[in-house]
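First comes the structure, then the notes that go with it.
Protein chains: 2
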Amino acid sequence: MVKYPTGSVMPLRAAQRQGEKALLKKASFSDRGMTLEQQINESNQYYLDAGIAVVHKKPTPIQIVKVDYPKRSRAVIREAYFRQASTTDYNGVYQGYYLDFEAKETRNKTSFPLKNFHEHQILHLEQCLDQEGICFALIGFMTLERYFVTPASFLIQAWQNWKAAGKSSMTLAEIEANSFEIKSGFWPALPYLEAVDRIIADRKQEHGNK
Amino acid sequence: MVKYPTGSVMPLRAAQRQGEKALLKKASFSDRGMTLEQQINESNQYYLDAGIAVVHKKPTPIQIVKVDYPKRSRAVIREAYFRQASTTDYNGVYQGYYLDFEAKETRNKTSFPLKNFHEHQILHLEQCLDQEGICFALIGFMTLERYFVTPASFLIQAWQNWKAAGKSSMTLAEIEANSFEIKSGFWPALPYLEAVDRIIADRKQEHGNK
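Chains as they are written, first to last, in the working numbering: chain A, 20 to 229; chain B, 20 to 229.
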């Protein structure tokens, strides 16, 4: 189970934020207009402040071509290009476990198109899985306000099925059957570590409590 | 121990590179003019290709202000600034362990100035250590061609000693006494996982083989 801090041990910053959040309790997250990424970043900040986990979003990789160094002012990048990332967007550590995941949202209501993932992200998840990381996709059906932690093993299987048999999406029913659904909350916005706890528990059972 | 792949199971790409490296066997790394970062990146590529570990350098965080979208051409970033990273440069997963480290080089010969680290890097290492990550600094004395894996616990202690008592550097002798020295090799350039194996072994002993 996720260890929720009690009020007394919660760091000041988290406590202050929680106060702010309380004011928003009547508004749903979609009302607040938060993207999936914003919800995850807020959750990661909560987990970090509370000493529960250390998970960060990786910066966007940029190829820098030209930088100006104005006098008495900080450096300005004047020409740069977006590069394709070689990994997923998020990774970190939780109770000794390596976490690695990619977050994707869709406005679809009945299926998730696999083309939203890139080949290199699938490959990276496979590599991390081989090293015993806890790897998954965090999929948001934004119109439905439903969120799923889909283990990488299932995602990889669906990806291979696409490449081999042309099935280009995962249906909502398939995702429901092979994922842990998480309820969008208020603080943290997306308590995805509850799903991670279940992945860890499943793995321990498979490995005879190793 | 690090599991070195045999020739037969080594991926083609790694095998090809190893062939290329063989040609360079007579040149030392300093002759090749590799920075510490280049040596680590080459080592990470080796570990990745050989299926030994998945460790990547994080991209430099950039604050993007202005982007042009030319017709029939890719987006060009026209104004952006360097931001301070909130984490260390490297992290990844190795046999189920979360690895997190910062690499720093110096031309000094007798000590390493702590001002080369940033407060937020020390804080991040502390946070990851609390989550049972394997955390360290990879320190290169480039003039001496000596490389050390210094566990974060010692680095944090030295940092606190600086803040409390004004001792602004770690002497080479202190680093020798509290680190695992690694020999710059040819392939991988810096076999730092050998030191990680020793940190893991020490930890298992402390925790009664847990």
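Don't be surprised by glycine CBs; every beta carbon is placed ideally from N, CA and C. Computed from a predicted model, the values in this text were never measured in an experiment.
Inset, instruction - Could you name the residues that DSSP lists as bridge partners for B/S172? - result: Translated into the one-based positions of the second sequence, residue 172 of chain B becomes position 153. The partner list for B/S172 (beta bridge, DSSP) is empty, contrary to what the question assumes.
Inset, instruction - Alpha carbon to alpha carbon, how far is B/P89 from A/I219? Give it in angstroms, no decimals. - result: On the first sequence, position 200 is the one that residue 219 of chain A refers to. On the second sequence, position 70 is the one that residue 89 of chain B refers to. So the alpha carbons of these two residues sit roughly 47 Å apart.
Inset, instruction - Please name the residue in A/V84, A/V215, A/A104 whose C-alpha comes closest to that of A/V95. - result: Here residue 95 of chain A corresponds to residue number 76 of the first sequence, with the count starting at 1. Nearest option by C-alpha distance: A/V84.
Legend entry - Proximity below 8 Å, CB of A/R102 to CB of A/P132: Position 83 of the first sequence, counted from the start, is the residue given in the question as residue 102 of chain A. Position 113 of the first sequence, counted from the start, is the residue given in the question as residue 132 of chain A. The answer is no: Cβ separation not under 8 Å.
Inset, instruction - Drop a sphere of 10 angstroms on the beta-carbon of B/E225, count the other beta-carbons inside from all chains shown, and report buried for 16 or more, exposed for fewer. - result: The sequence position of residue 225 of chain B within the second sequence is 206, counting from 1. Label assigned to B/E225: exposed.
Inset, instruction - May I have the straight-line CA-CA distance separating A/H230 from A/A196, to the nearest angstrom? - result: With chain A running from 20 to 229 in the structure shown, residue 230 of chain A is simply not present.
Inset, instruction - List the whole-angstrom C-beta distance separating A/I194 from A/T162, where the pair is believed to meet the contact cut-off of C-beta under 8 Å. - result: The residue labelled residue 194 of chain A in the question sits at position 175 within the first sequence. The residue labelled residue 162 of chain A in the question sits at position 143 within the first sequence. That belief does not hold up - the Cβ atoms of A/I194 and A/T162 are roughly 14 Å apart, past 8 Å.
Legend entry - alpha helix (DSSP H) segment containing A/S62, residue limits: Taking the first residue of the first sequence as position 1, residue 62 of chain A is located at position 43. Looking at the DSSP string, the run of the alpha helix (DSSP H) that includes A/S62 is 55-68.
Inset, instruction - Put B/E200 into one of helix, strand or coil per three-state DSSP. - result: To locate residue 200 of chain B, count along the second sequence from 1; it is residue 181. Strand at B/E200.
Inset, instruction - Would you verify that the beta carbon of B/I175 is, or is not, closer than 8 Å to some beta carbon of chain C? - result: Of the protein chains in the structure, A and B, none is chain C.
Legend entry - Any chain B beta carbon closer than 8 Å to A/Y113: Numbered from 1 along the first sequence, position 94 holds the residue referred to as residue 113 of chain A. Judged by the 8 Å Cβ criterion, A/Y113 is in contact with chain B.
Legend entry - Contact set for A/K128: own chain, Cβ-Cβ below 8 Å, skip 5 residues either direction: Here residue 128 of chain A corresponds to residue number 109 of the first sequence, with the count starting at 1. Excluding sequence neighbours, A/K128 sits near F160, T162, L163, L191.
Inset, instruction - Quick one: using the 10 Å Cβ neighbour count with 16 as the cut-off for buried, is A/Q82 buried or exposed? - result: In the first sequence, residue 82 of chain A corresponds to position 63, counting from 1. Under this definition A/Q82 is an exposed residue.
Legend entry - Limits of the alpha helix (DSSP H) - the one that B/L118 falls within: Taking the second sequence and counting its residues from 1, one reaches residue 118 of chain B at position 99. Premise fails: B/L118 lies in the beta strand (DSSP E), 116-125, not in any alpha helix (DSSP H).
Legend entry - is_contact[A/D50, chain B] using C-beta, thresh 8 Å: Against the first sequence, residue 50 of chain A aligns to sequence position 31. Residue confidence for A/D50 is low, a pLDDT of 46 falling below 50, so the modelled location carries little weight and cannot support an answer.
Legend entry - Where the region 105-129 of chain B meets chain A: residues whose CB sits under 9 Å from a CB there: S105, T106, N110, G111, V112, Y113, Q114, G115, Y116, Y117, L118, D119
Legend entry - Sub-8 Å separation of B/Y150 and A/Y113 beta-carbons: Taking the first residue of the second sequence as position 1, residue 150 of chain B is located at position 131. Taking the first residue of the first sequence as position 1, residue 113 of chain A is located at position 94. A quick correction: the sequence has Gln, not Tyr, at residue 150 of chain B. Going by C-beta atoms, B/Q150 is nearer than 8 Å to A/Y113.
Inset, instruction - Taking C-beta pairs closer than 9 Å, name the residues in chain A that B/L55 reaches, listed in chain order. - result: One-based indexing of the second sequence puts residue 55 of chain B at position 36. Those within 9 Å of B/L55 in chain A number zero; the least Cβ separation is about 20 Å.
Legend entry - Test: B/A214 CB closer than 8 Å to a CB of chain A: One-based indexing of the second sequence puts residue 214 of chain B at position 195. For B/A214, the answer is no, since every Cβ of chain A falls outside 8 Å of its Cβ.
Legend entry - Enclosing beta strand (DSSP E) for B/D87 [first to last residue]: On the second sequence, residue 87 of chain B is found 68 positions in, with the first residue counted as 1. Counting along the chain, the beta strand (DSSP E) containing B/D87 begins and ends at 81-87.
Legend entry - Interface partners of A/S80 on chain B, CB under 8 Å: Walking along the first sequence from the start, residue 80 of chain A turns up at place 61. Per the sequence presented here, residue 80 of chain A reads as Pro, with Ser not at that position. Those are P78, listed as they occur along chain B.
Inset, instruction - Output, in chain order, the set of chain B residues within a Cβ distance shorter than 8 Å of A/I96. - result: Residue 96 of chain A sits at position 77 when you count from the first residue of the first sequence. Neighbours of A/I96 on chain B, chain order: I81, I96, E98, A99, Y100, F101.
Legend entry - Every unbroken alpha helix (DSSP H) within the region 90-164 of chain A, with a cutoff of 4 residues, ordered by chain: 138-149
Inset, instruction - Label B/S92 either buried or exposed according to how many other C-beta atoms from any shown protein chain fall within 10 Å of its C-beta, with 16 as the threshold for buried. - result: Residue mapping note: residue 92 of chain B aligns to position 73 of the second sequence, counting from 1. Counting Cβ neighbours within 10 Å, B/S92 comes out exposed, since fewer than 16 surround it.
Inset, instruction - Anything in chain B within Cβ reach of A/G70, meaning under 9 Å, just list it in chain order. - result: Walking along the first sequence from the start, residue 70 of chain A turns up at place 51. Q146, D149, Q150, listed in chain order.
Legend entry - Assigned secondary structure, B/K76 (DSSP; H/G/I helix, E/B strand, else coil): Residue 76 of chain B sits at position 57 when you count from the first residue of the second sequence. B/K76 falls in the strand class under three-state DSSP.
Legend entry - Residues of its chain near A/E56, where Cβ-Cβ distance is below 7 Å and the 5 sequence neighbours each way are ignored: Here residue 56 of chain A refers to the residue found at position 37 of the first sequence. A122.
Legend entry - Segments assigned beta strand (DSSP E), at least 3 residues, entirely inside the region 180-227 of chain B: 188-190, 199-201
Inset, instruction - Report the neighbours of A/R93 on chain B: residues whose CB is nearer than 8 Å to its CB, in chain order. - result: Against the first sequence, residue 93 of chain A aligns to sequence position 74. Ordered by position in chain B, the residues that pass the 8 Å Cβ test against A/R93 are Y100, F101.
Legend entry - CA-to-CA distance, A/S130 to B/M253, given in whole angstroms: The first residue shown for chain B is 20 and the last is 229, placing residue 253 of chain B beyond what the model contains.
Inset, instruction - Say whether chain A places a C-beta atom closer than 8 Å to the C-beta of B/L142. - result: Translated into the one-based positions of the second sequence, residue 142 of chain B becomes position 123. It does not: the Cβ of B/L142 has no partner Cβ on chain A nearer than 8 Å.
Inset, instruction - Compare the Cα-Cα distances from B/L157 to each of B/E200, B/G111, B/V73 and report the closest residue. - result: Within the second sequence, residue 157 of chain B is the residue found at index 138, counting from 1. Closest by alpha carbon: B/E200.
Inset, instruction - Please confirm if A/H226 has its CB atom under 8 Å from at least one CB of chain B. - result: Working through the first sequence from its first residue, we reach residue 226 of chain A at position 207. So no, A/H226 is outside the interface.
Legend entry - 8 Å Cβ cutoff, A/P170 in contact with chain B: Locating residue 170 of chain A in the first sequence gives position 151, where the first residue counts as 1. Judged by the 8 Å Cβ criterion, A/P170 is not in contact with chain B.
Inset, instruction - Identify the contact partners of B/H139 in chain A, using a Cβ-Cβ distance below 7 Å as the criterion. - result: What you label residue 139 of chain B is simply residue 120 of the second sequence in a count that begins at 1. Residues of chain A passing the Cβ test: none, with the nearest at roughly 12 Å.
Legend entry - C-beta neighbour in chain B for A/L191, strict 8 Å: As a position in the first sequence, residue 191 of chain A is number 172, starting the count at 1. By this cut-off, A/L191 is not an interface position.
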